[in-house]
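Enquirer: Take the sequence shown: its position 104, counted from the start at 1, is 103 in numbering that gives the first Met the number 0, and no numbers get skipped.
Note that beta-carbon positions come from the ideal geometry of N, C-alpha and C, so glycine has one too.
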Amino acid sequence: MVNWTPGFPIWNGVQIGVILALGWGVWQVGLLARMVWGREEGLPWEAWVYSGLGILWQGLWAVAIWQGVPPLIRFTAWNLAGVVLSLLPMGALLWIGRFLERRLPRWALLLMGLGAGVALIAATLPYRPETGPALSAWWNTRRIPGDPVLWSWGIREGIWGIGTALGLGWLGWAYLHIHRPLHRNRVAYEFLGAGLVALGEGLAWTPRSDWIALGWGIRGIGITILALPMGWLELPSLRQVGRSLLAWGLSGILQIGLVWGILAGAAAARASLPGVVPVGLEWGGIALAIVLAQWWIGWPLHRWLRRRLLPAVDEPAAAVRRYGQTISNLLDVEALAQAAFTVLQETFGLRQGVLLLFEEQPDASLQARVIRGLGEAPDDPGRFAPDSPILQAWQEGRSLTQYEIDFGKAFQRADPAERRWLQRLGVELFVPIRAQAVLLGCLALGARSGAEAYSPADRDLLASMAEQTAAVLQNIHLVEDLRRLNARMAELNEDLARAARRLEKLDRVKTHFIEIASHELRTPLTHIRGYADLLAETLSGQDEPDGSLERILQGLRRAALRLEEIISAMLDISQIDAEALSIYPISIQIPTLVRMAVEPLEGAIAERRQKLIVEPMEGLPVIYGDLTRLVQALRHVVQNAIKFTPDGGTITLRARRVSAEEAGGSTDYVEIAVQDTGIGIDPEDQALIFEKFYRVGPIERHSTGAIKFKGAGPGLGLPLARGIIEAHGGRIWVESPGYDEVRCPGSTFYIWLPVVSRSED
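What follows is the structure in structure tokens.
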């Protein structure tokens, strides 16, 4: 076994490497605690493996170089540190795979296991008493260059080098193939940190103490940079930092060159013209020249460099104005998306962009509809739960990057389906579109040209554009609602037109049926009446007629008369519908008309113990009309009052003249009012009772009868009265407080008949 132990210069009695190794070990533990606190789901096991190997290696290394430790322990620690060093890249590869969300293939895991086995063998065989001398003898007989111990260290360092190169190569490949700036910046931190860690580990194994100290310092910085993406969300852009340093550096060099040129020119002028210009004036001129050079050349060059290296939106106010003018008059969401992202492409250099529109679902979730603006996008809609932290942030008006959604602690509890759907959009920034605190949608923007992240100023600019988009979306929604309403109204109008045509057809069919049925019923009814009259005459000629048979014949004759009245009413209704009602006008006195209408009903009024009051009607003008028809119409109205007034009630008839001024026209009228103390009529039924066959109340309570209380009949009396009165140029209507069978508010029917002379007819 080779008797070799490392030894390094002492600084204040303690080796500097021990201090750095242990110090960075404590620092790494602190970083682990910060990363665990910054992640809701905790650190993955790959991070624990890599961190544990790193801390173990640092501890073994510190023990190995501490001269106060026994040599055998130091040597064992040194040997084991070499083994752990060869395992560090394997832990790093596991961690990089988890960091990049890429699973290592099985063959890679097998190769890593093989490498770990080789490292253990290389760390064991040359040093064990059972194998070390034999291996050295065999080594010498084969004349292999070098020493087994050196080969052992070479194998382990080779495994470390290969693993480190693979890890750095994997991170570099990922950096080149990621197009989202913030995700790329995250990988850049890992690449920079891994590179510094690798450099520090390499320097830590050199024989020079100053290099060892430098290596541990570099490795500690690298470990810190590696931990930043895991514990902190908002990371400064390395690209922006580099460009800013480059801009300031080039600007400083140019400005120093200007000053040097001015000073060199002044020195040359002084040498060629000694003593001509006073010293004070000379330095004043130099200072003025430096100021003017800086004003006219230096600062313009600095601004030009910053614009070239740190691109920003020129004239944001003009960009907002151009955006508003482009979309203000659009009334279609597809056209809005195309126009909006055309302007955004010119402003930010976008290659991808979609408009998301939210629609509330029955379960209170929001469905996101995708409207393409630039590039490709999935057609399937997304769905966000009501308690989604992503949705809540948008509802609060916060713009979110895909980086924040993927790695922000507040969004780790979001539904993975929501995050996967947003990732599929391939965009970088989501700017909410709100109107009066209501979320309408989002502007989803891809990466800027040059793989630059959106700055806070860019987000403010986009928020202003989103406000303009919200106003346009509200207009579009209003127009779409109007279009839907118009389409619905057109459908309803068409349905109503079809229904009207169908009802008109059915009404004609009904009228024809009434007419045909009336004619068909009149003939057998005439036979029934004739035979009834014949039987009555036969019975009257007998000396002792059968009383029961007489009662039967009387009932038969009453039924036939009632049926004849109904058939006559049906025929009259059919003539009114066909506008073929025959009118034979004559001069009519109103008292005569009223008397002829109520005289046949006096028996019915007496039977119901009702009181009929006819107020004086002297001095009324003569009207011109068909007396028979008007008597028929007024009788139906009075008969209706008898049927719907309880026994013992009162029916009052009065008449008056209505002037043309009161009537609101050029014709005077005679008004006949029929007032009762009956059960009244509901306001909803007051217009319908004049329609054919209309009945108030359930049909199952129907009871027929000419004068029976609430005996409804076929529902033709009032329609027939209206038809006759309107055929004379008049009108009829009813007024009633309402329907009440207990209080009996009553009803008043008003009939207006025009005062028309024979010469005016």
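Beta carbon of C633, beta carbon of V669: below 8 Å?
Expert: Per the sequence shown, the amino acid found at residue 633 is Leu instead of Cys. The answer is no: Cβ separation not under 8 Å.
Enquirer: Looking only at its chain, what residues have a beta carbon closer than 6 Å to the beta carbon of I158, apart from the 5 residues adjacent to it on each side?
Expert: Correct list, in chain order: S85, G114 and A118.
Enquirer: Since E358 sits in a beta bridge, which residues does DSSP pair it with?
Expert: In the DSSP output, where bridge partners are listed per residue, E358 has Q366.
Enquirer: Under DSSP, the beta strand (DSSP E) around K642 begins and ends at which residues?
Expert: No beta strand (DSSP E) holds K642; the alpha helix (DSSP H) holding it covers L626 to K642.
Enquirer: What whole-angstrom Cβ distance do G624 and L752 have, given they're in contact under 8 Å?
Expert: Correct: roughly 7 Å between the Cβ atoms.
Enquirer: Among A596, R694 and Y174, which residue has its Cα nearest to the Cα of F643?
Expert: For F643, the nearest C-alpha among the options comes from R694.
Enquirer: Roughly how many angstroms separate the alpha carbons of S463 and L99, rounded to a whole number?
Expert: Computed Cα separation, rounded: 35 Å.
Enquirer: Taking Cβ to Cβ, would you say L52 is nearer than 8 Å to G96?
Expert: Their beta carbons are not under 8 Å apart, which means L52 does not touch G96 by this criterion.
Enquirer: On the DSSP letters alone, give me the boundaries of the beta strand (DSSP E) that D675 sits inside.
Expert: Where D675 is concerned, the enclosing beta strand (DSSP E) stretches over Y668 to D675.
Enquirer: What is the DSSP secondary structure of F708, counted as helix, strand or coil?
Expert: Of the three classes helix, strand and coil, the one that applies to F708 here is coil, per DSSP.
Enquirer: Helix, strand or coil for P718, going by three-state DSSP, please let me know.
Expert: In the structure shown, P718 sits in a helix (DSSP, three-state: H, G or I).
Enquirer: Pick helix, strand or coil for S250, following the three-state DSSP scheme.
Expert: Helix.
Enquirer: Return helix, strand or coil for V83, following the three-state DSSP convention.
Expert: Note: V83 maps to helix in three-state DSSP.
Enquirer: Rounded to whole angstroms, how far is the Cβ of A187 from the Cβ of L237, which I believe are closer than 8 Å?
Expert: About 5 Å separates the two Cβ atoms, so the contact holds.
Enquirer: Measuring straight from C-alpha to C-alpha, what distance separates G168 and N184?
Expert: Taking the straight line from one Cα to the other gives about 16 Å.
Enquirer: Can you give the beta carbon distance from G648 to T676, rounded, assuming they're within the 8 Å contact cut?
Expert: Indeed they touch by this definition, with Cβ atoms about 4 Å apart.
Enquirer: Looking only at C-alpha atoms, which of L626, Q588, I565 and E606 sits nearest to S581?
Expert: For the residues L626, Q588, I565 and E606, the minimum Cα distance to S581 belongs to L626.
Enquirer: Taking contact to mean 3 or more Cβ pairs, one atom from each stretch, closer than 8 Å, check whether the stretch 350-365 and the stretch 441-457 are in contact.
Expert: Touching, per the Cβ criterion.
Enquirer: In chain order, what residues of the same chain have a beta carbon less than 6 Å from the beta carbon of A339, not counting five sequence neighbours either side?
Expert: I326.
Enquirer: For L460 and G440, I'd like the C-alpha separation in whole angstroms.
Expert: When rounded, the distance between both Cα atoms is 17 Å.
Enquirer: Would you say I750 and I723 are within 8 Å of each other, going by their C-beta atoms?
Expert: Not a contact, by the Cβ cut-off of 8 Å.
Enquirer: Report the partner residues of T400 according to the DSSP bridge assignment.
Expert: L428.
Enquirer: From G284 to G248, what distance separates their C-alpha atoms?
Expert: Straight-line Cα distance between these residues: approximately 27 Å.
Enquirer: Taking the continuous alpha helix (DSSP H) assigned at T747, which residues delimit it?
Expert: Note, T747: premise wrong, no alpha helix (DSSP H); beta strand (DSSP E) at S746 to P753.
Enquirer: Which residue comes first and which comes last in the beta strand (DSSP E) that contains G116?
Expert: Segment R105 to T123 is the alpha helix (DSSP H) holding G116; no beta strand (DSSP E) there.
Enquirer: So, at 6 Å on beta carbons, what are the nonlocal neighbours of A776 in its own chain, with the 5 sequence-adjacent residues on each side left out?
Expert: Look at the range of the chain in this structure, 0 to 760, and you will see that residue 776 is not part of it.
Enquirer: Less than 7 Å between C-beta atoms, sequence neighbours within five positions excluded: which residues of the same chain meet that for P744?
Expert: Hits under 7 Å: G679, S735, P736 and G737.
Enquirer: F190 lies in the alpha helix (DSSP H); which residues open and close that run?
Expert: Looking at the DSSP string, the run of the alpha helix (DSSP H) that includes F190 is P180 to A203.
Enquirer: Between which two residues does the alpha helix (DSSP H) containing R320 stretch?
Expert: Where R320 is concerned, the enclosing alpha helix (DSSP H) stretches over P315 to I326.
Enquirer: Can you tell me whether DSSP reads P8 as helix, strand or coil?
Expert: Confidence in P8 is poor, its pLDDT being 41 and thus under 50, which makes the residue's placement unreliable; the coordinate value appears in the next sentence. The answer is coil: DSSP assigns P8 none of H, G, I, E or B.
Enquirer: Using the rule of at least 16 other Cβ atoms within 10 Å of the residue's Cβ for burial, across every protein chain shown, is H691 buried or exposed?
Expert: Residue 691 is actually Lys in this sequence, not His. Result: buried.
Enquirer: So, helix, strand or coil for L442, using DSSP?
Expert: Three-state result, L442: strand.
Enquirer: Determine, using beta-carbon pairs with one atom in the stretch 354-369 and one in the stretch 381-390, whether at least three such pairs fall under 8 Å.
Expert: A contact exists between the stretch 354-369 and the stretch 381-390.
Enquirer: Are L356 and R368 touching if we call contact CB-CB under 8 Å?
Expert: A contact, by the Cβ cut-off of 8 Å.
Enquirer: If you reduce the DSSP assignment to three classes, tell me which class I582 lands in.
Expert: Coil at I582, not helix or strand.
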